[in-house]
Amino acid sequence: MSRSQLPRSPLVLVVAQIQFSPVEGIKEKYVSVIQDQLRISGFPYYEIRLTQQITAAEQGLQLLHQEQLVFTNKSKQTNIVVTKNSLTVNTVNYTIFDNFLHDVGSIVKEVSTILKLTDFGTLEQVSLRYVDWICPLNDVVPEKMINEKYLGGFLNDSDGVQLRQVVLERKTSVDGVVRSILFRPKDYNIVLAEFQSTKLDQPKFSQQKEGFLILDMEHLKRMQGKDFSHDLVQKTLKELHHEVDSLFFEQIPTKEALALWGKEAE
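Heads up, the sequence shown is in my numbering, so the first residue is 1 and it goes up one at a time.
Right, dumping it as structure tokens:
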């Protein structure tokens, strides 16, 4: 079963990212071809963003600037972010995983073909991330929607301060790492800023400005420089999804929460 099938699903953002060996000069050599192909595929909006990233080096911490090529669809609910070594798909309009997998697969194939990744590139990492905006529902507070073993410090905090807690981190059967974080912000704008950074229309629960939790689950697998393959990307995303889906339906939320969100009794 997929969260998208729940009538009142708290799911607000899904992100798939594929990291590959660097392609230098991507803006100068390839952007016009990529933009033309993605425009035909339903992503007419294009912009260049400059981001900052802090990395560790022998001389200490360094601030690096990176250009992102961002392609957005007409509804502004899905976009594609391309850098010299990654392709990311963000969506706030997730339906079912099979549809998302198909869309991501098509995008990966189009962009990787232009960049000649299947001929000369390697696959470095694949990740899949699901973000849930858990709000009060039918007088049930979010803390009652999470199984107690995963709450930790949330149960002992009564003053509403900002909390960010890794509730689960472990290796998985597919030699990946899955990490789940609970986040309760003191300031609504802290969370809103992350959604705004995607430049997508705001998620459906963004009007709930207090008394909510964020459940952020990500499953990633390092691919160790394997030959780039569309089939391998698809296969890996399926494996990652299976683990995250299991966490949502079988471990972290309570059965009462799943019922409130519309999961039918088995």
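Backbone N, C-alpha and C define an ideal beta-carbon position, used for all residues, glycine too.
None of these values were measured; they are calculated from a predicted model.
{"Asked": "Give the range of the beta strand (DSSP E) segment to which residue 112 is assigned.", "Found": "Careful: residue 112 lies outside any beta strand (DSSP E), inside the alpha helix (DSSP H) at 97–114."}
{"Asked": "List, from N- to C-terminal side, the alpha helix (DSSP H) runs of 4 residues or more that fit wholly inside the segment 197–264.", "Found": "230–250, 255–260"}
{"Asked": "Looking at C-alpha atoms only, which residue of 226, 239, 9 is the closest neighbour of residue 94?", "Found": "9"}
{"Asked": "Let me know the secondary structure DSSP gives residue 41 once reduced to three states.", "Found": "coil"}
{"Asked": "Alpha carbon to alpha carbon, what distance is there between residue 81 and residue 243?", "Found": "25 angstroms"}
{"Asked": "Decide if residue 221 is buried, meaning its Cβ has at least 16 other Cβ atoms within 10 Å, or exposed.", "Found": "buried"}
{"Asked": "How about residue 182 and residue 146: do their beta carbons lie closer than 8 angstroms?", "Found": "yes"}
{"Asked": "For residue 64, count neighbouring Cβ atoms within 10 angstroms of its own Cβ and tell me buried if that reaches 16, exposed if not.", "Found": "exposed"}
{"Asked": "Would you kindly work out how many angstroms separate the C-alpha atoms of residue 143 and residue 213, rounded to a whole number?", "Found": "8 angstroms"}
{"Asked": "Is the segment 71–81 in contact with the segment 33–46, if contact means three or more CB pairs nearer than 8 angstroms?", "Found": "yes"}
{"Asked": "Would you check if the distance between the CB atom of residue 49 and the CB atom of residue 19 is smaller than 8 angstroms?", "Found": "no"}
{"Asked": "What did DSSP end up calling residue 67 once you bin it into helix, strand or coil?", "Found": "strand"}
{"Asked": "I want to know whether the segment 87–103 touches the segment 166–185 - three or more CB-CB distances under 8 angstroms.", "Found": "no"}
{"Asked": "Count the other CB atoms, across all protein chains shown, that sit within 10 Å of the CB of residue 139; report buried if there are 16 or more and exposed otherwise.", "Found": "exposed"}
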